[in-house]
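Residue numbers (my numbering), protein chains in the order written: chain A, 1 to 131; chain B, 132 to 633. For every residue, glycine included, the Cβ atom is placed at its ideal position computed from N, Cα and C.
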Amino acid sequence: MTELLGIYNYWIYVVLMMIGFYGVIAKKNLIKQAIALGLFQTGIFLFYISMAVVDGGTAPIWTTIGDGSIKALGPYDNPLPHVLILTAIVVSVSVLAVALAIIINIKWKYGTIEYDEITAMDRASGGGDDD
Amino acid sequence: MIDIQANLPALIVVIPLLGGVLATFTGRGILPWAWASLVTGATFALTLRMMATLLQSGAPYISYELGNWPRWWGIEYRVDLLNAFILLVVAGVGFITTLYARESVNDEIAKDRHHVFYAVWILAITGLLGITITGDAFNVYVLLEISSLTVYALIAMGKDRDRRALTASLRYLILGSVGASFILLGIGYLMMVTGTLNMEDMHNQLMRLANLDTNRTVLVAFAFLLVGLSIKMALYPLHMWLPKAYTYAPSAVSALLAATATKVGVYMAFRFLFGIFGVGFSFYAMPSHLILLAMASLGIVFSSLAAIRQNNAKSLLAYSSVGQIGYIVAGFSLANPDGVAGSIVHIFNHAVTKGGMFLALGAVAYRVGGTDISHLRGLAKRMPLTCGALALGGLGLIGMPLTAGFISKWYLVKGAMGSGMWGLVVVVLFGSLLALVYVWKLIEAMYFGEPTGRSAEAKEAPLSMLIPIWILVALSIYFGVDATFTGETATRAAAGLLGGTP
Chain A
1 MTELLGIYNY
11 WIYVVLMMIG
21 FYGVIAKKNL
31 IKQAIALGLF
41 QTGIFLFYIS
51 MAVVDGGTAP
61 IWTTIGDGSI
71 KALGPYDNPL
81 PHVLILTAIV
91 VSVSVLAVAL
101 AIIINIKWKY
111 GTIEYDEITA
121 MDRASGGGDD
131 D
Chain B
132 MIDIQANLPA
142 LIVVIPLLGG
152 VLATFTGRGI
162 LPWAWASLVT
172 GATFALTLRM
182 MATLLQSGAP
192 YISYELGNWP
202 RWWGIEYRVD
212 LLNAFILLVV
222 AGVGFITTLY
232 ARESVNDEIA
242 KDRHHVFYAV
252 WILAITGLLG
262 ITITGDAFNV
272 YVLLEISSLT
282 VYALIAMGKD
292 RDRRALTASL
302 RYLILGSVGA
312 SFILLGIGYL
322 MMVTGTLNME
332 DMHNQLMRLA
342 NLDTNRTVLV
352 AFAFLLVGLS
362 IKMALYPLHM
372 WLPKAYTYAP
382 SAVSALLAAT
392 ATKVGVYMAF
402 RFLFGIFGVG
412 FSFYAMPSHL
422 ILLAMASLGI
432 VFSSLAAIRQ
442 NNAKSLLAYS
452 SVGQIGYIVA
462 GFSLANPDGV
472 AGSIVHIFNH
482 AVTKGGMFLA
492 LGAVAYRVGG
502 TDISHLRGLA
512 KRMPLTCGAL
522 ALGGLGLIGM
532 PLTAGFISKW
542 YLVKGAMGSG
552 MWGLVVVVLF
562 GSLLALVYVW
572 KLIEAMYFGE
582 PTGRSAEAKE
592 APLSMLIPIW
602 ILVALSIYFG
612 VDATFTGETA
622 TRAAAGLLGG
632 TP
């Protein structure tokens, strides 16, 4: 039991990710889909951050100590996943930006952002090839 | 002065990356296109030199450490025969489609957005080249997103002709991002086990694990990567984003995507399945070869059937692309030398064949205004050279002898028989039969119909389009008659993959 609770941030990551995944699949409003996609990706960030944790670790700061040598303050968390996730956050923001830009264009051209209505309009305008 | 020779691997990515950003400053008129041609041409020249350098050196690979950081800390670019070959295909097709794009983009994209179009276009090629050249797993993800984001934008630019480009692009964005996120998760789990991001180190660490086949973290990583990669390479039934994206994208974009984007997805699968996990884990310990073979076979049959039903020539070719990915995946999941070689050869052959055909359809759209089968009717009388290119490309899709498609299927059937997979032989032959049906649909319309409407007044496509079309079609014929270069390269690259070198 303690083992299961001890890794609670992994549970949170899975739950967050699945909420996002559900939204991407089930929601018919395009903005909601974009938000769900953001949630899905945020879950993954938490996963990366969680795996960097070291027991009793602090920030990875190296500093000059008494005798002039440079040493870490103590055991520290792995900084690499943090750096990776900074990149992934930028990517995720860009994905959201592109998604919103496309959705705005859809609103201009179709007048709606409901997936069902858009599909119906595409069918009506002919060329409704199979899905 | 920069030492070009020593920094060749980095320059292949840096030149188009800078070139793409600078393209936003090229203003209006012909300049954006001229700049894009210059940048992609220079990149193509660099990849040619890269290939020559690799072949001359005789070494199995050339390693390049970015910023001189040792490879286990920094990012390593590694070029072996396989990715030198894929780089050549991506940069080559990128250059030829850029040359072609001028008239087509003039026609399809609003004049005040040309500089943005070409900027995004060059960046898409950059991303694809970067995925191919890098030896660092996380770098693959970042460059994958660079190429994906730019491709979403390129597809959405088809909105001036058909608003469905927007919905197609958004659908690809959502599925593509989910796929890329799965790949990111897979890389994360791999890093948890191995503590490194360098592909070669990852492989060595995994091989050192005593309980590799039962290690849950490795299994989860494998599952996430397999699904993510399948979405990215549009393996049936995860291909749903592809047909509409190819159909409604601007003509030049469809050609670029069909020729390169999914192929680079397959290349990633090579790197992860063969390079990092190793043949023993991916294809013997795990039943993934059976899953992949089943999906590939279903893809060949059902996508070809779907292609037959299409009334738009572009979506016909798009569904055919899903089927062709099936051949490529079936080839490498056999995990024997002939199968993998067939897979690599088909990446090249399909890129030139399908690229040429999409370009030819772009010329049709330019002259006639659409790519429905009804637009093609009788067009051979008005645009004989364009239609000839389409017909020859179609023969390549079927896999007629003396076309490049035949060479790939030859390897594939040889590989299937070598593994005793007679079912796959039947699927390949049946797939060719189905290809005959949908290609015949195009040929019948072009050669045996009577032109109506705008088709009746259409003129032959301008020379600036015909030359790139025929370069690709000629390549697909040339490498069908004399497959020494492609065949030998693919065989050697396949041997390298199966030998387990990452």
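Pick from B/561, B/246, B/427 that is closest to residue 365 of chain B, judged by C-alpha positions: B/427
Neighbour list for residue 295 of chain B in chain A, Cβ cutoff strictly below 7 Å: Within chain A, the residues near residue 295 of chain B are 122.
Cβ-Cβ distance between residue 423 of chain B and residue 546 of chain B below 8 Å: Cβ atoms of residue 423 of chain B and residue 546 of chain B: not closer than 8 Å.
Same chain, Cβ closer than 6 Å to residue 387 of chain B, five either side skipped, listed in chain order: 228
Those residues which DSSP pairs with residue 635 of chain B across a bridge: Past the boundaries of the shown model lies residue 635 of chain B; chain B is included only from 132 to 633, so the question cannot be answered.
Stretch-stretch touch, CB-based, cutoff 8 Å, three pairs: the segment 255-269 of chain B with the segment 355-371 of chain B: no
Beta-carbon proximity list for residue 139 of chain B, same chain, < 7 Å, skipping 5 on both sides: Same-chain partners within the cutoff: 177, 180, 181, 184.
DSSP beta-bridge partners of residue 590 of chain B: Answer is none; residue 590 of chain B lacks a bridge partner.
Residue 207 of chain B classed as buried or exposed, judged by whether at least 16 other C-beta atoms fall within 10 angstroms: buried
Touch test, the segment 287-305 of chain B against the segment 375-395 of chain B, Cβ-Cβ under 8 Å, three pairs minimum: yes
Short-range partners of chain A found in the segment 269-298 of chain B, where Cβ spacing is below 8 Å: Of all residues in the segment 269-298 of chain B, only 269, 272, 273, 276, 280, 283, 284, 287, 290, 294, 295, 297, 298 come within less than 8 Å of chain A when Cβ atoms are compared, listed by chain position.
Residues that DSSP places opposite residue 63 of chain A in a beta bridge: A/71
Per DSSP, cross-strand counterpart(s) of residue 503 of chain B: B/443
Separation of residue 630 of chain B from residue 344 of chain B, as counted between CA atoms: 19 Å
Alpha-carbon spacing of residue 173 of chain B relative to residue 342 of chain B, whole angstroms: Going by the C-alpha atoms only, they are around 48 Å apart.
Nearest neighbour of residue 300 of chain B, chosen from A/22, A/30, A/117, A/49 [CA to CA]: A/30
Where residue 480 of chain B falls: helix, strand or coil (DSSP): Residue 480 of chain B falls in the helix class under three-state DSSP.
Residues near residue 323 of chain B by beta carbon distance below 7 Å, same chain, minus five either side: 348
Bridge-paired residues (DSSP) for residue 76 of chain A: Bridge partners of residue 76 of chain A: A/58.
Beta carbon proximity, residue 91 of chain A to chain B, threshold 8 Å: yes
7 Å Cβ shell around residue 215 of chain B - same chain, five flanking residues per side excluded: 181, 182, 185
Residue 314 of chain B, buried or exposed, once every other Cβ within 10 Å from all chains shown has been counted against 16: When all chains shown are included, residue 314 of chain B counts as buried.
Opposing strand residues paired with residue 265 of chain B [DSSP bridges]: DSSP lists B/208 as partners of residue 265 of chain B.
Residue from B/519, B/379, B/494 with nearest C-alpha to residue 302 of chain B: Checking every option, the nearest Cα to that of residue 302 of chain B belongs to B/379.
Heavy atom of the ligand MG within 7 Å of residue 490 of chain B beta-carbon: The ligand MG is not part of the structure shown, which contains no ligands of any sort.
Contact residues within the segment 5-22 of chain A, judged by C-beta distance below 8 Å to chain B: 21
Secondary structure, beta strand (DSSP E): runs of 3+ residues fully inside the segment 240-293 of chain B: No beta strand (DSSP E) of 3 residues or more sits fully in the segment 240-293 of chain B.
Contact under 8 Å by Cβ, residue 220 of chain B with residue 403 of chain B: no
Distance CB(residue 202 of chain B)-CB(residue 329 of chain B) smaller than 8 Å: yes
Residue 128 of chain A versus residue 122 of chain A: straight-line alpha-carbon distance, rounded: Confidence at residue 128 of chain A is low in this model, with a pLDDT of 47, below 50, so its placement is unreliable and the value that follows should be read with caution. Going by the C-alpha atoms only, they are around 6 Å apart.
Whether residue 474 of chain B touches residue 456 of chain B by CB criterion (8 Å): no
Chain A within 8 Å of residue 235 of chain B, Cβ atoms only: Interface residue (Cβ-Cβ distance to chain A less than 8 Å): residue 235 of chain B is not classified as such.
Alpha-carbon to alpha-carbon, residue 75 of chain A and residue 64 of chain A: 16 Å
DSSP three-state assignment for residue 148 of chain B, whether helix, strand or coil: Of the three classes helix, strand and coil, the one that applies to residue 148 of chain B here is helix, per DSSP.
Any alpha helix (DSSP H) of 4 or more consecutive residues that is wholly inside the segment 282-367 of chain B: Listed in chain order, the complete alpha helix (DSSP H) runs (minimum 4 residues) inside the segment 282-367 of chain B are 295-325, 330-339, 347-363.
Separation of residue 297 of chain B from residue 187 of chain B, as counted between CA atoms: 47 Å
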